[in-house]
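As structure tokens, the structure follows; a few thoughts come after it.
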Amino acid sequence: MTTPNRAVARACSNIALSKYWGKSDIEHNLPAVPSISMTLSGLVTTTSVRFDGSLKEDQVRLDDRVASAREAVRVCELLDRVRALAQIDARAEVDTRNDFPTAAGLASSASGFAALAGAACAAAGVDYDSALLSRLARRSSASAARSVYEGFVELPAGAPGDDTLAAKPLHSRTHWDVALVVAVTAQGPKAVGSTEGMERSRQTSPLYAQWVEQAPELNRQVRAGLAERDLDKLGAAMEQSTYCFHACAMSSLPSILYWQPPTLAALRVIQRLRSEGISVWATMDAGPHVKALCVRDQAPLVEQALKEAPGVLHTMVATPGPGIEIERA
Ligand code: DP6
């Protein structure tokens, strides 16, 4: 390639309403269970990619610092797949920034790999569509497959070897006026990353096989609650999905206990609000933070209650967000 080609992509993070935990195929990064997510407004990663034939190697910057070797490996692997599709061998300069505070404790890998797939394909001149971007993002981090689409999104379970697996859009962002209130309960990176945590669960948790068997039914209930805009139905299945996967993590050997004391305090607040007649439901990722789903009108009340939970550091509110946006620069 003689002319340097640059593109910029923006993608939002997402929260799983029914959870992915466990792989059916490690090499192709295929989930053992289906998951459904909500794309989150305001939690945006912006990534620019420039292919340049004069570069000797890929250069990766994350939030204005040079990426560590470990971080850069996953980025370069995605770039290699895009280079293979475009039949080019130019190295790339990658610059990626998260608009959301790093102290928010929210995973940036979902928005990050979706934005990287979009910017890299556009910069390399690949003839892409959303399914291809979702598939490329999934290969790097399965939750990232969902961040390609707006609103509400499903990633089916993958059959071993099926590298075509991509997420599918379920409903647009205007489908339902819900909000996700995030209660940040600790600072610093989580003790065990999701990839390692789910593999340890698969190998050692006596609950794992049952989780894989039950997860499709919970996913079905979440999908139905979402379609019917029935928050009680969706919420009950969403909470159970969270508690089931955390039970797998906790019952692994050695145990993976993501919870901190403020985690329990925040979960109790959500239970109390519900006993007072408010439909608000908890979900969590592989970390100590608690996220509460409610209708948008009730988000201020839920946020205030979570702020007052002992140990909660800060809170933020997100609503259903847009899908990936890509510009050739
Ligand atoms: C608990 O997508 O981070 O957040 O595919 O190994 O990169 P890899 O895992 P990742 O796992 C996310 C797990 C989760 C649930 C979810 O987002 O569905």
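Position in the sequence shown (first residue = 1) + 1 = our numbering. Every residue, glycine too, gets a C-beta built ideally from N, C-alpha and C.
Opening and closing residue of the alpha helix (DSSP H) in which residue i lies
i	result
Q1	Given that the chain is displayed from residue 2 to residue 330, the structure contains no residue 1 and the question cannot be resolved.
R82	A70 to A87
R136	S131 to S141
P170	From DSSP, P170 is part of no alpha helix (DSSP H) but of the beta strand (DSSP E) over K169 to H172.
L56	Taken as a continuous stretch (DSSP letters only), L56 belongs to no alpha helix (DSSP H), as it is neither H nor E.
L117	S110 to A125
Residue i - containing beta strand (DSSP E), residue span
i	result
T48	S36 to D53
E94	R92 to N99
A17	N6 to S19
S144	No beta strand (DSSP E) contains S144, which DSSP labels as neither H nor E.
A180	V179 to V185
S25	K24 to D26
V61	Q60 to L63
I327	E326 to R329
L156	F153 to L156
Sequence-distant residues of the same chain with beta carbon closer than 6 Å to residue i, five excluded per side
i	result
R136	A167
R169	For the sequence presented, residue 169 should be read as Lys rather than Arg. Counting only Cβ-Cβ distances below 6 Å, and skipping sequence neighbours, we find E155.
S206	C249, S252 and S253
S195	A287
A73	V61
E328	V9
Q261	T186, A187 and P289
A17	S36 and S38
Residues near residue i in its chain [Cβ-Cβ closer than 7 Å; skip 5 each side]
i	result
C13	T40, L41, S42, L44, V45, S112, S148, G322 and P323
T3	Confidence at T3 is low in this model, with a pLDDT of 46, below 50, so its placement is unreliable and the value that follows should be read with caution. Answer for T3: G54, listed in chain order.
R201	S253 and I257
H315	V185
V1	Because the chain is modelled from 2 through 330, residue 1 falls outside the range shown and cannot be assessed.
C77	D59
S131	V149 and Y150
A104	Because A104 carries a pLDDT of 48, less than 50, the predicted location of this residue cannot be relied on, and the following value inherits that uncertainty. Once the five neighbours on either side are set aside, the close Cβ partners of A104 are Q188.
K20	S36, S242, T243 and F246
Whole-Å CB distance - residue i paired with residue j, under 8 Å assumed
i	j	result
P35	P157	5 Å
Y259	K191	7 Å
D26	G159	6 Å
V223	L235	5 Å
V182	V318	5 Å
V334	C295	This structure gives no information on residue 334, because the portion of the chain shown stretches from 2 to 330.
P289	A146	Not quite, the Cβ-Cβ distance comes to about 25 Å (not below 8 Å), so this is no contact.
L219	S242	5 Å
A93	L79	About 10 Å; that fails the 8 Å criterion.
Beta-carbon proximity list for residue i, same chain, < 8 Å, skipping 5 on both sides
i	result
D231	A225
V83	A118, A121, C122, A125, V127 and L137
L268	A283 and V291
Q88	none
A179	Strictly speaking, residue 179 in this sequence is Val, with Ala absent from that position. Cβ within range, chain order: M39, L232, L294, C295, V296, R297, T320 and P321.
Neighbourhood of ligand 1 [Cβ distance below 6 Å to any heavy atom], ordered by chain position | A17, K20, Y21, W22, N30, S36, S110, S142, A143, S144, S195, T196, D286 and A287
Which runs of the alpha helix (DSSP H), 4 residues or longer, sit entirely within the region 192–270?
-> 195–205, 209–228 and 232–251
Of all the beta strand (DSSP E) runs that stay within the bounds of the region 281–321, which reach a length of 3 or more residues?
-> 282–284, 291–296 and 315–319
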